[in-house]
Amino acid sequence: MDRSYDALVVDDVGVLSGVREDDAAALERAVRTARAAGLRTGLLSNAGGCGRPEWPDLFDTVVLSGIAGVAKPDPEAFLLVA
Numbered sequence: 104m105d106r107s108y109d110a111l112v113v114d115d116v117g118v119l120s121g122v123r124e125d126d127a128a129a130l131e132r133a134v135r136t137a138r139a140a141g142l143r144t145g146l147l148s149n150a151g152g153c154g155r156p157e158w159p160d161l162f163d164t165v166v167l168s169g170i171a172g173v174a175k176p177d178p179e180a181f182l183l184v185a
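When we follow the numbering used here, the leftmost residue of the sequence shown carries the number 104, and every step to the right adds one.
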């Protein structure tokens, strides 16, 4: 499978679990801006949930590693959200 895409990696080491309110707002603005520009968005999380209750509806694709059975940094996890 050959896929080309641009990605904004927001959290590659699991630091969003304690995200501050202003950081969460900035992330939400960035995702909404990307979607308004016609870009598809995805959230891949190794945490037990999506971070914030409204985030599942914010993204086109949400993959939780505990449900998917594969976690970051395994490349397969990133393919699931791509």
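Here a beta-carbon is modelled for each residue, glycine too, at the ideal position from N, C-alpha and C. Just so it is clear, the structure is predicted and the values come from calculations on it, not from any experiment.
Three-state secondary structure assigned by DSSP to residue i
i	result
L167	strand
L183	helix
L130	helix
L142	coil
Whether residue i touches residue j by CB criterion (8 Å)
i	j	result
A185	S168	no
R132	D163	no
N149	A127	no
L183	V165	no
Cβ neighbour criterion (16 or more within 10 Å) applied to residue i
i	result
L146	buried
V116	At V116 the pLDDT is 46, less than 50, meaning the model places this residue with poor confidence; the figure from the coordinates comes in the next sentence. Per the 10 Å Cβ criterion, exposed.
Any C-beta of chain B under 8 Å from that of residue i
i	result
R143	Absence of chain B from the displayed structure is noted, only one protein chain being present.
Close-in-space but distant-in-sequence residues of the same chain around residue i (CB under 7 Å, 5 per side omitted)
i	result
D105	Its pLDDT being 47, under 50, D105 is placed unreliably by the model, and the measurement read from it follows with that caveat. Cβ within range, chain order: n/a, list empty.
R138	T144
L161	E131 and V134
Other residues of its chain near residue i: CB distance less than 6 Å, five sequence neighbours each side excluded
i	result
A171	L183
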